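Okay, structure first, notes after.
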Amino acid sequence: MSRIVGIDLGTTNSLVAFMDNGSPRIIKGLNGESKVPSIVGMTDNGLIVGEPAKAHLVRDPSRTIYSVKRFMGKSLDDVKEELRYFPYRLHEKNGVIRIEVGGKSYSPPQVSAMILKDLKRRAEKHLKEEVTKAVITVPAYFNDSQRQATKDAGMIAGLEVLRIVNEPTAASLAYGLQKKTQGLIVVFDLGGGTFDVSILKLHEGIFEVLSTNGDTHLGGDDLDQRLVDIMVKDVLDRQGVEVDNNPELMQALRMEAERVKVRLSDEQTATAAIDLPQGRYEKAWSREELEQAVVHLVEKTLAPCRMALKDAGLTADQIDEVVLVGGSTRMPLVRQKVKELFGQDPHCELNPDEVVALGAAVQADILGGHTKDLLLLDVTPLSLGIETMGGVMSALIRRNTTIPTSAKEMFTTYVDGQTSVDIHILQGERELVKDNRSLARFQLKVPPLPAGVPRIEVNFLIDANGILNVTARDIRTGEAQTVQVKPTHGLSDDEVESMIRDSFQFAAEDIKARQVIEARNEANAIIAATEKALARGKDLIRDHEYQAIQRVLQQLRDVKATDDHRQIRAGIGEVEKVTHHLAEMLMDATLKEALEHKKLSEVVK
Amino acid sequence: METRSDAPTKSRALPMARSMCWHCQSEVTGEYLCGQCVKVQPLSKELDYFACFQLPRHLNVDEQQLERTFYELSRTFHPDFYSTKDDTEQTISLGNSAFLNTAYRTLKDPIQRAEYLIRLEAGAVKDIRSNPPGDLFEEILELQEDVETYQDMVQQGPSPESEQLREKLQQERIHLEERQAAMESALREKFHDWDRLQSEAEASNRHREEKTMVLREMQEILSNRTYVRSILTDLVETIGN
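Heads up: the protein sequence lines correspond to chains A and B, in order. Per this note's numbering, the first sequence runs over residues 1 to 605. Per this note's numbering, the second sequence runs over residues 1 to 241.
What follows is the structure in structure tokens.
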């Protein structure tokens, strides 16, 4: 059985983890970084993902996609209010958003798949085996379409998604395992783009979710945006520059806003600075000023917390522990508000960025059959129902019902000889159809009989992923009927199929981009090592040699900026050749016998 | 608490859908997993929720025992433990697990538990129907009018009249909440009546008429409570917390 990895596919950052001898561990990148920025860039040489794409964002914003998770399972109409913040154009096809970048268009699951593939590669490199199965986390408050879109993304990336797990629940698994906690806990998860709160009962290895609530549109990104808005206005007032019309500046400002916000969690003041065409713009921020700007957003987390408590039939003083998850919970203001609501200091011993991925790895281990001690019992976050007469939603499965769960409903005809019944599936808490989320539609086939005689039983089953499955059966004949459900805001099976094929095609183009990145990383490493060696061994070599090394180093620095990996490799080879003597001299000076004929870069780390 | 025949859950005497294993055809008598091939077996469609938790059809339930059994059965049936098994086993585990979750949710909540029991017994006990709530109906009709008037007033903007009406509705709300609480404690009284009759009648079929009476009384309380609850929900939505 091949290994199953756990993936936290976040709005701003993503991580991959695996179970290493009974404890979950994050798989880190070459430079020891655990997070992969959830950013995808299209370059002339193909696709780049993560840290390199983040740098690309300021250089070429119209061809760099970030925060794609916000578009998963959404229609254009759902996101129209924030469109002005994004540097790329969107359109909609068959109810699904398409992002236009560099003359092509991509669905959100395709873009997410690019990030997943990067994580898959990272895991394969580390584990030295092929990775084809994964557990992927989603915000607990994600609806059916958003979950399905995440599953589609996995398929497009060549991953079999064994389970979609809710982020706060995954976090509780990692947390509970580490702390051996029992009792009632609240997981408060404020990430880059989404907010979730879940209340769980932990009892002898059972993690039972009692209720969950949240806002799939509230996170660190929104806080950054507040700072950006303030600074955009400030730049206009003070320097007369309209940042709105300049995507490069806008992205630079957005990154500064994030940096300042993060800094202000530890410091009382921080300065944001960007270079404008007319000169430098600087703004000093105090923590107080930041808090004033975002307090109304932070307070938006409180109503879902109260609702979750109410649904669990609990009061705040009954909660044993509050656990913080997500990078945004590092903000002192967030901690203060949580403390006020629950009347106790929240726990934040585990790295809030990593705990979700760690929990996903634990769940992967359970699904792999390696542990029988732990069991997650999760709930569906939203009520599920169907449209009835007069545009009213009739609920079949209530929110916070433990999954898997099912509800049966009997359908019949109103007209003699009627041969089909249309069914419209919805998710949400409101009375009227128009105020809820349309999930899907399907048509039941009915034998032509007098009105009211046909009896078709439809079973609505929400599986352990929180995803709906529909089956139907003719009660009179006992025959099962296959139901073709057409998602309102999702890709069809055919579309997913063709996107899987496309992804193989992209893969060839992407190799080129990756080669450039890898060569560049290597060049950086060798430049740093050589500089260090020169500083130490300058006296061991002659002056003309020193000059020659400086020359090839400069050549490599120049060539490194290009997108030609062959030239970068050639530059690396040149530096290695020219520094060979220096390396030997350094070795002589230290451990002559043992280290002969090694490359400089191997000696100086 | 109730008197309960204390069948240990370990005996695994749940009615299963078939008497033969779907996989290896060996005999299964109430085991969750086939004794021969260890494949999970589907639960019977006729299984009622009380039987699922091996509880007598009583209305006072030992909640800790209920939870314990729920966790135990979840460990047996949850799809997480069948992820590496074949499709049939996965489907059975999904179905069993969904059934178990519904059963637990129904029995955990006293109101749902009572409603479920009435539905179960309705086959044996004829003529259970809700009486129109009489005086309550009139009262609620009047209240609904007030709620609508208030909604119209608020649309016009706040005024002394709307404040006055709001105050009245607030009083009504307190009154109704008390009423709902009274109904729920009356229902709890009936729980004891029912359980006593059940215990006494367990051996024979005695007390049939009395039991029907209790069921009918509970049904009436429940439907009145539904009326009160729905108007309360409207009221709270209108005047806010």
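C-beta atoms are modelled at their ideal positions from N, C-alpha and C, and glycine is treated no differently. Just so we're clear, the structure is a prediction, and the values are computed from it rather than from any experiment.
Residues bridged to residue i (per DSSP)
i, result
"A:Asn166", "A:Val138"
"A:Ala395", "A:Gly385"
"A:Leu106", "The amino acid at residue 106 of chain A is misidentified as Leu; the sequence shows Tyr. A:Tyr106 is bridged to A:Ile99."
"B:Thr88", "None, per the DSSP bridge assignment."
"A:Ile206", "A:His203, A:Leu375"
"A:Lys128", "None, per the DSSP bridge assignment."
"A:Lys133", "A:Ile4, A:Glu160"
"A:Phe188", "A:Val197, A:Leu324"
"A:Gln443", "A:Asp422"
"A:His91", "A:Arg98"
"A:Val470", "A:Phe460"
"A:Arg437", "A:Gln427"
Cutoff 7 Å; reference residue i; Cβ partners in own chain excluding five residues on either side
i, result
"A:Met585", "Gly537, Leu540, Ile541"
"B:Lys126", "In this prediction, B:Lys126 has a pLDDT of 47, which is less than 50 and means its spatial position is unreliable; what the coordinates show is noted afterwards. Around B:Lys126: no qualifying Cβ."
"A:Pro450", "Asp416"
"B:Leu94", "Pro79"
"A:Gly219", "Thr11, Leu190, Gly191, Gly192, Gly193, Thr194, Phe195, Ser328"
"A:Val575", "Ile526, Thr530, Val552, Leu553, Leu556"
Delimiting residues of the beta strand (DSSP E) encompassing residue i
i, result
"A:Pro24", "23-26"
"A:Glu457", "456-462"
"A:Gln610", "Beyond the ends of chain A as shown, which are 1 and 605, falls residue 610 of chain A; an answer cannot be given."
"B:Phe70", "B:Phe70 -> not in any beta strand (DSSP E); alpha helix (DSSP H) instead, spanning 63-77."
"B:Ser83", "Here B:Ser83 belongs to no beta strand (DSSP E), and DSSP marks it neither H nor E."
"A:Asp416", "Where A:Asp416 is concerned, there is no enclosing beta strand (DSSP E), given that its DSSP letter is neither H nor E."
"A:Met42", "39-43"
"B:Arg182", "Looking at the sequence shown, residue 182 of chain B is not Arg but Ala. No beta strand (DSSP E) holds B:Ala182; the alpha helix (DSSP H) holding it covers 160-201."
"A:Met19", "13-20"
"A:Lys233", "A:Lys233 -> not in any beta strand (DSSP E); alpha helix (DSSP H) instead, spanning 220-239."
"A:Ile274", "269-276"
"A:Ala451", "Looking at the DSSP string, A:Ala451 is not in any beta strand (DSSP E), and its letter there is neither H nor E."
"A:Tyr66", "64-66"
heavy atom of the ligand ZN below 7 Å from residue i C-beta
i, result
"B:Pro110", "Ligands displayed in this structure: none; no statement on the ligand ZN is therefore possible."
Closer than 8 Å to chain C by CB, residue i
i, result
"A:Leu162", "Reference to chain C is not applicable here, since the protein chains of this structure are A and B."
Residue span of the alpha helix (DSSP H) that contains residue i, given as start and end
i, result
"A:Leu47", "Not the alpha helix (DSSP H): A:Leu47 falls in the beta strand (DSSP E), residues 46-49."
"B:Leu235", "208-239"
"A:Leu76", "76-79"
"A:Arg84", "Element bounds for A:Arg84: n/a, residue is neither H nor E."
"A:Lys261", "247-263"
"A:Tyr281", "Segment 279-286 is the beta strand (DSSP E) holding A:Tyr281; no alpha helix (DSSP H) there."
"B:Phe53", "Run containing B:Phe53: none; DSSP gives neither H nor E here."
Contacting residues, own chain, Cβ-Cβ under 8 Å from residue i (five flanking each side not counted)
i, result
"A:Pro109", "Met72, Ala149, Thr150, Asp152, Ala153, Ile156, Leu491, Val496, Met499"
"B:Glu177", "Leu232"
"B:Lys10", "Unreliable placement is indicated for B:Lys10, whose pLDDT of 39 sits below 50; no coordinate value is reported for it."
"B:Gln180", "Arg225, Val228, Arg229, Leu232"
"B:Arg113", "Leu59, Val61, Thr106, Leu107"
"A:Tyr546", "Leu534, Lys538"
Contacting residues, own chain, Cβ-Cβ under 6 Å from residue i (five flanking each side not counted)
i, result
"B:Glu2", "Legend: pLDDT at B:Glu2 = 37, less than 50; position of this residue unreliable, value from coordinates given subsequently. So the list reads His58, Asn60, Asp195, once near-sequence residues are dropped."
"A:Arg70", "Gly193"
"B:Asn96", "Leu43, Phe77"
"A:Ala623", "Summary: the structure shown does not reach residue 623 of chain A, with chain A confined to residues 1 through 605, and so no result is reported for it."
Q.
Please identify, using Cβ separations under 9 Å, the residues of the region 451-463 of chain A that lie next to chain B, in order along the chain.
A. Sequence-ordered contacts of the region 451-463 of chain A with chain B read Leu461, Ile462, Asp463 [C-beta pairs closer than 9 Å].
Q: May I have a chain-ordered list of the beta strand (DSSP E) segments no shorter than 3 residues that lie completely inside the region 294-361 of chain A?
A: Counting whole runs of 3 or more residues, the region 294-361 of chain A contains the beta strand (DSSP E) stretches 321-325.
Q) Which whole runs of the beta strand (DSSP E) in the region 548-591 of chain A are 3 residues long or more, in chain order? A) No beta strand (DSSP E) of 3 residues or more sits fully in the region 548-591 of chain A.
Q: Return the residues of the region 92-125 of chain A that lie within a Cβ-Cβ distance of less than 7 Å from chain B, sorted by chain order.
A: Cβ contacts with chain B come from no residue of the region 92-125 of chain A.
Q) Going along the chain, which residues of the region 68-81 of chain B sit with their C-beta nearer than 8 Å to a C-beta in chain A? A) Within the region 68-81 of chain B, the residues whose Cβ lies closer than 8 Å to some Cβ of chain A are Tyr71, Ser74, Arg75, His78, Pro79, Asp80, Phe81, listed in chain order.
Q. Between the region 401-412 of chain A and chain B, which residues of the former have CB atoms less than 9 Å from a CB of the latter, in chain order?
A. The residues in question are Thr401, Thr402, Ile403, Pro404, Thr405, Ser406, Ala407.
Q) What residues in the region 365-393 of chain A have a beta carbon less than 8 Å from any beta carbon of chain B? A) If the cut-off is 8 Å between Cβ atoms, the region 365-393 of chain A has Ile366, Leu367, Gly368, Gly369, Lys372, Leu375, Leu376, Leu377 near chain B.
Q. At which residue ranges does the region 472-558 of chain A contain complete alpha helix (DSSP H) runs of 4 or more residues, listed in the order of the chain?
A. Fully enclosed alpha helix (DSSP H) runs of no fewer than 4 residues occupy 493-537 of the region 472-558 of chain A, in order along the chain.
Q. Using a beta-carbon distance cut-off of less than 8 Å, what residues from the region 100-122 of chain B approach chain A?
A. Residues passing the 8 Å Cβ filter: Asn101, Thr102, Tyr104, Arg105.
Q: Would you list, in sequence order, the uninterrupted alpha helix (DSSP H) runs of no fewer than 4 residues that lie entirely inside the region 93-124 of chain B?
A: Entirely contained in the region 93-124 of chain B, the alpha helix (DSSP H) runs reaching 4 residues are, in chain order, 110-122.
Q.
By the 7 Å beta-carbon criterion, what residues does the region 205-219 of chain A contribute toward chain B?
A. Going along the region 205-219 of chain A in chain order, one finds Ile206 with a Cβ nearer than 7 Å to chain B.
Q) If contact means a Cβ-Cβ distance below 9 Å, which residues of the region 273-297 of chain A contact chain B? A) Going along the region 273-297 of chain A in chain order, one finds no residue with a Cβ nearer than 9 Å to chain B.
**Q.** Proximal residues, the region 176-197 of chain B versus chain A, C-beta separation under 7 Å
**A.** Per Cβ criterion, the list is empty.
Q. If you measure beta-carbon to beta-carbon, which residues of the region 189-203 of chain A are closer than 8 Å to chain B?
A. Answer set for the region 189-203 of chain A: His203.
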